[in-house]
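Everything below concerns the one structure shown next.
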Amino acid sequence: MKNLFFASLAALFLLGACGPDQETVNKMADEMCEAMALITDDPMSLMDAATKMGEIMDKTDEYGNITEEQLIAAMEERCPDGASRFKDLSE
């Protein structure tokens, strides 16, 4: 189930056609970093992270044009551990 959710999230990012400005990419990356920071050894923390990611996904007007590659690149600069978690969950 979690893989389906994260695959859907990845698909949302791949739909973007116009390039957003870097400030917007960084803002989304910061929010995703916060979501990834919620993940701990407690299995319920995945639900907390998924809820936060759902809130981010709802911001399609703001983030709908950001590609997964742009997001991951920004996350790797801002929160390498979060980027690694995101990539693991997206696979």
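Sequential numbering of the sequence shown, starting at 874, is according to my numbering.
For every residue, glycine included, the Cβ atom is placed at its ideal position computed from N, Cα and C.
- Rounded to whole angstroms, tyrosine 936 and cysteine 952 show a C-alpha spacing of 19 Å.
- If you look at glutamate 896, you'll find it in the alpha helix (DSSP H) that goes 895 to 910.
- The beta carbon of alanine 922 sits closer than 6 Å to the beta carbons of Ala908, Leu911 and Ile912 from its chain, once the five residues preceding and following it are set aside; these are given in chain order.
- DSSP, read as helix, strand or coil, puts glutamate 950 in helix.
- Only buried fits glycine 955, as 16 or more other CB atoms lie within 10 angstroms of its CB.
- Shown here, aspartate 921 sits in a helix according to DSSP, grouped into three states.
- For aspartate 914, there is no enclosing alpha helix (DSSP H), as DSSP gives it neither H nor E.
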